[in-house]
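Reviewing the structure listed below.
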Amino acid sequence: MSIRHGRSFVRFVLVGILNTGVGLALIFVAKGLFGWGDLAANVFGYAVGLAVSFLLNRNWSFEHRGAVSPALLRFLAVFLAAYSSNLVTLFGLINLFGMNAYVAQALAVIPYTLLFYLGSRWFVFRSDTGSQPASEAP
Numbered sequence: 001m002s003i004r005h006g007r008s009f010v011r012f013v014l015v016g017i018l019n020t021g022v023g024l025a026l027i028f029v030a031k032g033l034f035g036w037g038d039l040a041a042n043v044f045g046y047a048v049g050l051a052v053s054f055l056l057n058r059n060w061s062f063e064h065r066g067a068v069s070p071a072l073l074r075f076l077a078v079f080l081a082a083y084s085s086n087l088v089t090l091f092g093l094i095n096l097f098g099m100n101a102y103v104a105q106a107l108a109v110i111p112y113t114l115l116f117y118l119g120s121r122w123f124v125f126r127s128d129t130g131s132q133p134a135s136e137a138p
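Its first residue numbered 1, the sequence shown is counted upward by one per residue in full-length UniProt numbering.
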């Protein structure tokens, strides 16, 4: 693993920790204080972190210098795929395994994070002239 590759992963994880903490806190507040259902609370928590995630990951984690609009469209596509995996996991844990909804919310972050990193690294923030991530471009 190159130094740049390792640095982008560490930065992605740090951004993810920030977004996860904020997102889960907002989900729990929406459920606990406002009585929102799991879906509404989950959408709310993830929506708040989406714009911040794009900006921090583009500028800091992957140091992407390509065009913003195509990267944003790719980011939204990867987000939708990762978020879909989150919802499948969330409702599978709740409905199929009877898991506590708060624990399920926390566990559903795992597939989301893995898919989002891989998609961000190799698709969203690739250089616009090739398939190599901008942080590893010559």
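The beta-carbon is built from N, C-alpha and C at its ideal position, and this holds for glycine as well. On a predicted model such as this, the values are computed, not experimentally measured, just so you know.
Own chain, CB closer than 8 Å to residue i, minus 5 neighbours either side, in chain order
i: TRP36; result: ALA30, PHE44
i: PHE12; result: ASN57, SER61, PHE62, TYR117, SER120, ARG121
i: ALA40; result: ALA30
Beta-carbon gap between residue i and residue j smaller than 8 Å
i: ASN86; j: TYR112; result: yes
i: VAL52; j: ASN19; result: yes
i: ASN57; j: VAL15; result: yes
i: PHE123; j: ARG74; result: yes
Same chain, Cβ closer than 6 Å to residue i, five either side skipped, listed in chain order
i: GLY119; result: VAL78
i: VAL88; result: none
Of the listed residues the options, nearest to residue i (C-alpha basis)
i: VAL103; options: ILE27, VAL13, VAL10; result: ILE27
i: ARG7; options: PHE62, PHE125, VAL109; result: PHE62
i: residue 139; options: ASN59, PHE91, ALA81; result: Here the chain covers residues 1 to 138 and nothing more, so residue 139 does not appear.
i: GLY92; options: ARG121, PHE12, ILE17, ALA108; result: ALA108
i: TYR83; options: ALA71, GLY23, VAL10; result: GLY23
i: ALA47; options: ALA71, PRO70, LEU76; result: LEU76
Distance, residue j Cα to residue i Cα
i: LEU115; j: LEU33; result: 31 Å
i: ALA134; j: GLY98; result: Low per-residue confidence applies at ALA134: pLDDT is 49, beneath 50, and the placement is therefore not dependable, though the value from the model is reported in the following sentence. C-alpha separation (whole angstroms): 43 Å.
i: ALA38; j: ALA101; result: Per the sequence shown, the amino acid found at residue 38 is Asp instead of Ala. Answer to the nearest angstrom: the Cα atoms are 8 Å apart.
i: ALA25; j: LEU90; result: 16 Å
i: PHE54; j: TYR117; result: 12 Å
i: GLN105; j: LEU80; result: 17 Å
i: LEU72; j: LEU50; result: 11 Å
Endpoints, alpha helix (DSSP H) assigned at residue i
i: VAL124; result: From DSSP, VAL124 is part of no alpha helix (DSSP H); its letter is neither H nor E.
i: ARG74; result: 68 to 95
i: ASN42; result: 38 to 56
i: ALA104; result: 101 to 107
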